[in-house]
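Following: one structure in structure tokens, then a few remarks.
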Amino acid sequence: MATLDYVDIPSSAILLETSEPKQIRLAPKIFTPLPNPDLSPSVLLPPPPPLSANPTSPSRPSLNLSQMLLSSALPVPAGTSSPRSKISSAPKLLSTKDPLSLPITTANFKKFVAKSGPVFWMQDRIEEIITWKLGWKYTSVWMAVYAFLCYFPRMVMVLPFVTLVGIMLVTDPSLQRPGPIPDIEDEDDLPSPISLQPSEGSVDWLANLQGIQNLMGLVGDANDMILPLVPHINHTSPYTPMIFTATLAALLCLLPLVNLLPLRPTFLIVGLMPFALTHPISMDHFLPALAVTMAPYTKRGRVRFARFIDDDRLEDKHWRAEMREVELWENERWSPEAKDEDNHPDKSGWRKSNLKPGERRPWTRGRDGVSAIAEDGSGDVSSNLTFSLAPGWLFVETEDWRPDLEGTWISNVGADLGE
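Those letters in the sequence shown? Residues -2 to 416, by this note's numbering.
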């Protein structure tokens, strides 16, 4: 048999030759079905160990990706191609293309981290332009481009070609280095292409990983912000019919206005509004002044909305009974040498811990800030902000403490002091 000088071939190996001389017959492909492990209790995988209550660092070996995923394909019930697929004959989607496994997850995650740099680069450039961090020249140019597209919207169709031509002009070596273009005869003399895939563990690779981390946190925060609104639009809340009626009425009122509004000036004003609001002058002067001006109306609206929600939760027994509001006062003292809970120096400010012996208690029932027992004879305020009410009175089960944002009691206190 033939031998190779750089490979050790076992003596028992036999070449698969065909009838024609000096031709090797390829081994036939063997097709095997996907693994279908037995789901009997005797072969089930042991449950994963409980995670520690304290968060661990990614560098510690106590918690890693292999503890959360299996090293082979997860068992899928018969008749389904993946946990997401309901019908075996349905075409595979991107989310059900490959079975869940640790090697595929690791390879795809490394590939995603290495190749996601342009996404975060574009995100940073957009944020820098909108927030005026590159100077007024860059932002003004992009504002002018947007205004041009608003008045000539058909130019959007040629925007991809203009972008491609601009990229090739920016990367042209003759424009970066003035002079004649050298003649290139051999392919080895061509400049090497720019590598867009950083190596694992490099600074760029870690920067991409940091961007993925922050993006995951942003997605989670956005989900937590939107999730409380979902019950009001999927008919799991009693307010869904009212919201549907208001939305339908607003839509019918908006339809005639669509034909009356000039679209180009409208899109121009709406598109340039974020640039105007994020300008340093607006951030330092206009927005704080607007917040101070609108603060009373904003607080009043929040109080009215909170009271509307609490009244809607009341039951019939509450409406038939007499109801009173219970006030609780928090007393603090300002000190330039305040300390935190661990008795370490902290920034100066108002805190209950700054109260001195013989002064007001941290929590009181009376408006004077001194008496801890109300006029009706109810008890003191405990550490968990509860106290006993007069006989025959109970707290409303569906309500909780809410801060007094209006401060209507200030006029009453002033009148009492004047008397």
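Even for Gly, the Cβ is constructed at its ideal location relative to N, Cα and C.
When burial is assigned at 16 or more other CB atoms within 10 Å of the CB, is residue i buried or exposed?
| i | result |
| --- | --- |
| T136 | buried |
| T361 | buried |
| W331 | exposed |
| W118 | exposed |
| W418 | Here the chain comprises residues numbered -2 to 416, so residue 418 is not present and cannot be evaluated. |
| R357 | buried |
On a Cα-Cα basis, can you pick out the residue from the options that is closest to residue i?
| i | options | result |
| --- | --- | --- |
| K130 | I278, L284, G355 and T233 | I278 |
| F109 | S196, D121 and K134 | S196 |
| A111 | L206, T93, M152 and C147 | L206 |
| V138 | K349, F272 and K296 | F272 |
| V116 | L260, M140 and Q194 | Q194 |
| W202 | S113, M222, P333 and G363 | S113 |
| E329 | L352, W316, V153 and F305 | L352 |
| N381 | G363, P359, P388 and L90 | P359 |
| K107 | Q120, G198 and F158 | G198 |
| D269 | D95, W347, D218 and L146 | Asp is not the amino acid found at residue 269; the sequence shown has Leu there. Measuring from the Cα of L269, the nearest candidate turns out to be L146. |
| M320 | P235, V159, P96 and W390 | W390 |
So, residue i versus residue j, is the Cβ gap smaller than 7 angstroms?
| i | j | result |
| --- | --- | --- |
| F384 | V378 | yes |
| D307 | E403 | no |
| H229 | T242 | no |
| A141 | L265 | no |
| T275 | I126 | no |
| R399 | A303 | yes |
Looking at the secondary structure, which residues open and close the alpha helix (DSSP H) in which residue i lies?
| i | result |
| --- | --- |
| W139 | W133 to Y148 |
| E319 | Taken as a continuous stretch (DSSP letters only), E319 belongs to no alpha helix (DSSP H), as it is neither H nor E. |
| T383 | No alpha helix (DSSP H) contains T383, which DSSP labels as neither H nor E. |
| Q210 | V200 to I223 |
| Y294 | L284 to R310 |
| W118 | G114 to I127 |
| I230 | Unbroken run through I230: none, as it is neither H nor E. |
| L269 | L260 to L274 |
| V255 | T237 to L257 |
| T168 | Counting along the chain, T168 falls outside any alpha helix (DSSP H), and DSSP gives it neither H nor E. |
Beta-carbon of residue i versus every beta-carbon of chain D: anything under 7 angstroms?
| i | result |
| --- | --- |
| A219 | Going by chain labels, chain D is absent from the structure shown, which holds only one protein chain. |
Over the uninterrupted beta strand (DSSP E) stretch that includes residue i, give me the two end residues.
| i | result |
| --- | --- |
| W346 | A quick correction: the sequence has Gly, not Trp, at residue 346. Its beta strand (DSSP E) spans residues G346 to R348. |
| R330 | R330 to S332 |
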